[in-house]
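To start, the structure itself, in structure tokens.
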Amino acid sequence: MISEKLVDMIKDNADTLTNRLCKDLLSREETKGYRKLNKDSVYDRVYDVYSRLDSWLVGDRVRGEIKDHYLKLGIQRFHEGIPLSDVVMALELIKRHLWLYVQEANFFDSSFQLMQALEFNNRVVWFFDRAIYFTCVGYEEEEKKYQGKPKQSIISRVFR
Amino acid sequence: MLYLKIMEVLKTDAEPLSRRVVKDLLTRGETEYHKKYSEEIMYERVYDVYSNLSYWLDRARPKEEIHKRFSEMGKKRFQDGIPLHEVVMFLMLIKRHLWLYLLEKHFFESSYELMKSLEMNNRIVLFFDRAIIAATVGYEEELVKYVKSSSESLLSKFFKKK
């Protein structure tokens, strides 16, 4: 039942959405860890989430794929030295901007469309919950490996 | 109106809702570490969130207050030895069960209620997003403190030997 219109809209506007998000992400204090990365690479990472979202949401992807993808992402962010709270905030912002964009489009004028929007919203929330959870698992597992010999993410926070 | 109805549910049904979450928490593989606590302790922790939710969802409530409360929670969970991903899942499950409960009670039937439910859903999601971030920040601060003190004690041991 999920609205194809909404899913298509995100896919077609992934570039606009990504630019908005990058601007927010790189100017916020809570996500300053991302400022040390190249702007193009931040763009690519965010674009990757938005452009894949259609297949994550309509169920083409199995749960295991979401798990594997975000476990790896957590491991990667740990090695880049980005604090986990920044990574979680970045994922929350991707979700938040997506919803703001959908609301701006304002096409919920019937009960049926509202039901679709509600279902879409729940799927988005559910998807990002899993993404955040597995990112944390991947990040922490990697952090554990370096216990006793703390790697850059912990060291940079201790000495920053 | 819908907001008030939901607040009423939180007041009257916080107990059965909390029981549902506890049951889920204590049986899931993703929240393994929580199983070391008794059902009553877990109940108190979940109930504490539900019974105060109307207070937290009040728009007049400053964000800083939410941050302070949940970063404290993150710190405590670090001291308890609970992995951060379980702390995150704990908060996500509280959010998810509340939403399922509201759907089950058929809160949203007319177009107007549906419209309001979207607004309400976003308000709840935003609150839990803030709580999760704050808990993560608090947890990390505690972790950094721990790493710092461990490396200092290691250094002092090293220099004593010399």
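Just so you know, the protein sequences line up as chains H and X, in that order.
My numbering numbers the first residue of the first sequence as 3 and each following residue consecutively.
My numbering numbers the first residue of the second sequence as 1063 and each following residue consecutively.
For glycine and all other residues, C-beta sits at the position ideal for the given N, C-alpha and C.
(request) Could you run through the stretch 1171 to 1201 of chain X and flag, in chain order, every residue whose CB is less than 7 Å away from some CB of chain H? (result) Within the stretch 1171 to 1201 of chain X, the residues whose Cβ lies closer than 7 Å to some Cβ of chain H are Ser-1173, Leu-1176, Met-1177, Ser-1179, Leu-1180, Asn-1183, Asn-1184, Val-1187, Asp-1191, Ile-1194, Ile-1195, Thr-1198 and Val-1199, listed in chain order.
(message) Helix, strand or coil, according to DSSP, for H:Asp-42 in the structure here?
(response) helix
(request) Going by CA-CA distance only, name the one from X:Gly-1200, X:His-1159, X:Glu-1171 and X:Ser-1215 that's closest to H:Trp-128. (result) X:His-1159
(request) Can you pull the chain X residues whose beta carbon is under 7 Å from the beta carbon of H:Leu-19, in chain order? (result) Those do not exist, as H:Leu-19 stays about 17 Å from chain X at its closest Cβ, beyond 7 Å.
(message) Strictly below 8 Å CB to CB, what residues from chain X border H:Trp-101?
(response) Here the neighbours are Asn-1184.
(request) Would you be able to state if there are at least three C-beta pairs under 8 Å between the stretch 42 to 58 of chain H and the stretch 3 to 22 of chain H? (result) yes
(message) Between X:Pro-1281 and chain H, is any beta-carbon pair separated by less than 8 Å?
(response) In the structure displayed, chain X extends from 1063 to 1224; residue 1281 of chain X sits before or after that span and is not available.
(message) I need the straight-line Cα distance from H:Glu-142 to H:Leu-39, nearest angstrom please.
(response) Just so you know, the alpha carbons of H:Glu-142 and H:Leu-39 end up roughly 21 Å apart.
(message) Judging by CA-CA distance, which residue of X:Arg-1121, X:Tyr-1109 and X:Glu-1126 is the nearest neighbour of X:Leu-1153?
(response) X:Tyr-1109
(message) Does X:Lys-1224 pass the burial test, meaning 16 or more other C-beta atoms within 10 Å, or should it be called exposed?
(response) Reliability fails at X:Lys-1224, whose pLDDT of 49 lies under 50, so the model's placement of it is uncertain and no value is given.
(request) Determine the closest residue to H:Asp-88 out of X:Val-1083, X:His-1096 and X:Ala-1197, with distance taken between C-alpha atoms. (result) X:Ala-1197
(request) Would you mind telling me which residues of chain H sit closer than 7 Å to X:Val-1150, beta carbon to beta carbon, in chain order? (result) Ile-134, Tyr-135 and Cys-138
(request) Starting from the beta carbon of X:Met-1135, find every residue of chain H whose beta carbon is closer than 9 Å, and list them in chain order. (result) The premise fails here: X:Met-1135 is roughly 14 Å from chain H at the closest Cβ pair, so nothing lies under 9 Å.
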